[in-house]
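To start, the structure itself, in C-alpha cells.
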Amino acid sequence: MAEPTPLELDTKYDHYDFPTTAPIPQNGHAGYLTTQQQAQVHQLRLMLESEGYTKRLDTLTLLRFLRARKFDVTLAKNMFVDCEKWRQETHLDEMVPTWEYPEKEEMFQYYPQYYHKTDKDGRPVYIEQLGGIDLTAMYKITTAERMLTNLAVEYERLSDPRLPACSRKSGVLLETCCTIMDLKGVGLTKAPQVYSYVKQASGLSQNYYPERLGRLYLINAPWGFSTVWGVIKGWLDPVTVQKIHVLGSGYQKELLAQVPAENLPKQFGGSCECQGGCPLSDMGPWREKEWAKPAKWETSEQTITNTAGETKDVAAETAPAAPPVASETADAPATAPAPAAA
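Using the UniProt record's numbering, the first residue of the sequence shown is number 1, and each one after it goes up by one.
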C-alpha cells in the first residue's frame, strides 16, 4: 500500500479546515499524487489565472476537474471554464447563500430526494425515489428551471458544509456520496418522463460537478430495465459505470453491507425512523455540533424570499452582497441533491 504524501497546498487558495488525504490510495487523489500530477495542478491554476479566473482555484477543486479529464490539463481547463460560464449565466454564486425551496415538501409527494446520514465509509447518503414522478403535476407546483436550480444549490451545499463535516468526523478526506435511486413504480408508461428528467439532471451533474459519485445503487429495478440501463450507460463515463450497482427487489443485503441499518430509512430495510420522517430530516454530521461548521458562503445578514413564481432579493436592500461560493469523471445521474457526480 502506498504511503500518503502531504498535499502541496497553495496559501492563496487553500484554506481547508478538514482532512486533505484520501481514505485509500488512489491515483490522482489527494495524498497520492505523483510529482507530475502536482505540477499539473499548478499548471492548470496558472492557465486559469492568466485568463482572469480567481474563484474555486483551490487544489482539491482543480484535482477533481483534472481527474475528470484524465489529467489532460487543457481539457480540464476547458471544462472548468465552461462550468464558470454556466455559473455566471445562472447567477449561482449569488443564489446559493439565500436560496429557499418552499415547495419542497409538496414536491416530495411526487419526487422525494434527500441526504440522510452516512454510509459505512462516512460518506453522505443521498436518496431519490423516482416512482412517483409526474412532471405534469410537478410543473403545477414548480418549474423545470427551479428544479434544476435546486439541484445545483444542493450540490453546492454538498460541497460545503456536508462533505467537510463528514471528512472531519471520519478523519479522512471525503469527496463523494453513496447514492440510492429507488425505481419502484417506474413502469413502462412512466419511464419516458422519468428518464428524460434524469438525463437532464445527469447532464448538469456530469458537466459541472465532476468526481462526486462514490457508489450508486439502483434498487427495485423493474423488469426490462436492462434495456433502459443500456441507454443510460451511454450517457456516463466508463469510470462511473463501474460504481453503479443495479439491484432488483432483493436489494437489502447488498445495500445494508454499505449503509448501516441505523442510518438507512426503515422503508429500505434499515431501522432509522427520524422524527417527522427521514426525507425531511437532513440528518448527518453536517447537523452534529461536534463536526458542523458554517459553510463559507453563509452570511447571517442575508435573507431571500423564493416562491415558485418569483425570487425577491431582500438582502440586497439591507446587507452587503454575499461573498462568492467555492464547488472521477464528470458524471452520474443527479437531482436536487442528486446522484453526486462521479
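C-beta: ideal position from N, C-alpha, C; glycine also.
Treat the numbers as computed from the prediction; the structure is a model and nothing was measured.
Just confirm the distance between the C-beta atoms of residue i and residue j, as a whole number of angstroms; I'd bet it's less than 8 Å.
i, j, result
"residue 59", "residue 14", "5 Å"
"residue 182", "residue 131", "7 Å"
"residue 158", "residue 212", "7 Å"
"residue 233", "residue 241", "5 Å"
"residue 199", "residue 235", "6 Å"
"residue 70", "residue 44", "Going by Cβ atoms, the distance from residue 70 to residue 44 rounds to 13 Å, so no, they are not a contact pair."
To the nearest angstrom, report how far apart residue i and residue j are at their CA atoms.
i, j, result
"residue 34", "residue 28", "8 Å"
"residue 184", "residue 274", "22 Å"
"residue 215", "residue 133", "23 Å"
"residue 269", "residue 95", "37 Å"
"residue 260", "residue 252", "11 Å"
"residue 284", "residue 155", "16 Å"
"residue 39", "residue 112", "43 Å"
"residue 4", "residue 37", "14 Å"
"residue 99", "residue 196", "25 Å"
"residue 148", "residue 129", "17 Å"
"residue 136", "residue 143", "10 Å"
"residue 12", "residue 57", "9 Å"
"residue 72", "residue 229", "29 Å"
"residue 91", "residue 152", "11 Å"
"residue 305", "residue 31", "Reliability of the predicted coordinates at residue 305 is poor, the pLDDT of 36 falling under 50, and the value obtained from them is presented with this limitation in mind. Roughly 42 Å between the two C-alpha positions."
"residue 118", "residue 46", "36 Å"
"residue 89", "residue 146", "15 Å"
"residue 254", "residue 86", "38 Å"
"residue 344", "residue 75", "Here the chain comprises residues numbered 1 to 342, so residue 344 is not present and cannot be evaluated."
"residue 67", "residue 187", "36 Å"
"residue 225", "residue 231", "10 Å"
"residue 110", "residue 16", "38 Å"
"residue 24", "residue 176", "13 Å"
"residue 276", "residue 237", "38 Å"
"residue 138", "residue 201", "15 Å"
"residue 288", "residue 51", "40 Å"
Taking the beta strand (DSSP E) that residue i falls in, what are its first and last residues?
i, result
"residue 124", "124-129"
"residue 117", "113-118"
"residue 96", "From DSSP, residue 96 is part of no beta strand (DSSP E); its letter is neither H nor E."
"residue 215", "213-219"
"residue 179", "177-182"
"residue 246", "244-246"
With a CB to CB cut of under 7 Å and the five nearest residues on each side skipped, what residues in its chain are close to residue i?
i, result
"residue 141", "103, 106, 107, 308"
"residue 316", "Model confidence at residue 316 stands at a pLDDT of 36, short of 50, so the residue's coordinates are unreliable and nothing is read from them."
"residue 266", "272, 273"
"residue 221", "183, 246, 247, 248"
"residue 310", "Below a pLDDT of 50, predicted positions are generally treated as unreliable, and residue 310, at 43, falls in that range; the measurement from the model is reported next regardless. Within the same chain, residue 310 has no close Cβ partners at all."
"residue 48", "57, 77, 80"
"residue 279", "108, 112, 114"
Between residue i and the rest of its own chain, which residues show a CB-CB distance below 6 Å, the 5 nearest in sequence each way excluded?
i, result
"residue 168", "18, 291"
"residue 8", "38"
"residue 162", "124, 286"
Look at the Cβ atom of residue i, then the Cβ atom of residue j, and state whether they are nearer than 8 Å.
i, j, result
"residue 125", "residue 178", "yes"
"residue 174", "residue 122", "yes"
"residue 218", "residue 244", "yes"
"residue 120", "residue 26", "no"
"residue 207", "residue 82", "yes"
"residue 22", "residue 172", "yes"
"residue 42", "residue 281", "no"
"residue 210", "residue 65", "yes"
"residue 164", "residue 293", "yes"
"residue 150", "residue 101", "yes"
For the alpha helix (DSSP H) that residue i lies in, which residues bound it at each end?
i, result
"residue 41", "35-50"
"residue 172", "That residue, residue 172, is in no alpha helix (DSSP H); it is neither H nor E in DSSP."
"residue 150", "144-157"
"residue 107", "104-107"
"residue 207", "191-208"
"residue 230", "225-233"
"residue 68", "59-68"
"residue 254", "252-256"
"residue 135", "135-141"
With hydrogens ignored, establish whether the beta-carbon of residue i is closer than 7 Å to any heavy atom of the ligand PLP.
i, result
"residue 297", "The ligand PLP is not part of the structure shown, which contains no ligands of any sort."
Would you please verify whether the beta carbon of residue i is less than 8 Å from any beta carbon of chain B?
i, result
"residue 198", "Of the protein chains in the structure, only one exists, and it is not chain B."
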